[in-house]
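Report on the following structure.
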């Protein structure tokens with residue numbers, strides 16, 4: 028699944044969902060109004076600058092009043108799971124990602140050695156062998172309204188297993204390869 032910065036931090040509830048089969052990010056969205064009927068959504072990246080609404084197929088199109096979304100791979104299978112926050116009951120839903128994912132993945136947990144132990148703001152570039160552009164992930168302190176995802180950075184690699192290089196851009200420091 029993929030995403031091209033359509034949602035930004037500060038919106039009511041948006042997160043990027045890595046897909047190990049495609050190396051792209053999908054978008055998970057929740058809550059933007061206070062109408063009382065704001066359903067969670069999932070948008071599949073079609074890799075051409077367009078997205079398809081796959082909310083019903085993904086299982087998140089529930090009669091909830093969505094307010095936030097968090098991402099975490101709680102069973103460590105390489106498929107990112109969802110934690111959905113709602114205004115009404117149930118106020119919290121944990122959805123396990125059971126979609127078949129034939130691709131490879133890389134998960135990183137950065138730890139700073141000085142003042143920024145949690146590596147907030149650090150950006151990682153993953154250069155895959157033969158790929159024109161790197162995959163990018165950033166460690167964030169919060170994703171959106173009432174939401175925080177795991178500090179683990181997940182990279183979907185698809186069929187690729189060869190990593191050319193990995194570069195970490197630490198806040199206020201020189202990049203580290």
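Residue numbers (our numbering): 28 to 204. We put the beta carbon where it would ideally sit given N, CA and C, even for glycine.
- Between residue 95 and residue 79 the beta-carbon gap is near 23 angstroms, outside 8 angstroms, which marks them as no contact.
- Under the DSSP assignment, residue 83 falls outside any beta strand (DSSP E), being part of the alpha helix (DSSP H) whose first and last residues are 82-85.
- For a cut-off of 8 angstroms, the C-beta gap from residue 100 to residue 134 is around 7 angstroms, short enough to register as a contact.
- Distance between residue 159 and residue 191, taken at the CA atoms: about 11 angstroms.
- Burial state of residue 72 is buried, judged by a 10 Å Cβ sphere holding 16 or more other Cβ atoms.
- Rounded to whole angstroms, the separation of the alpha carbons of residue 70 and residue 186 is 22 angstroms.
- Membership of residue 134 in the beta strand (DSSP E) is indicated by the continuous run 131-135.
- Of the other Cβ atoms in all chains shown, 16 or more fall within 10 Å of the Cβ of residue 182; this residue is therefore buried.
- Rounded to the nearest whole angstrom, the CA to CA distance from residue 140 to residue 117 is 40 angstroms.
- For residue 190, the enclosing beta strand (DSSP E) has its first and last residue at 190-196.
- With contacts defined as CB atoms closer than 9 angstroms, residue 93 and residue 122 fail to qualify as a contacting pair.
- In the three-state reduction of the DSSP assignment, residue 108 falls in the strand class, which pools E and B.
- Minimum Cα-Cα distance from residue 146 among the listed residues 199, 109, 81, 84 corresponds to 199.
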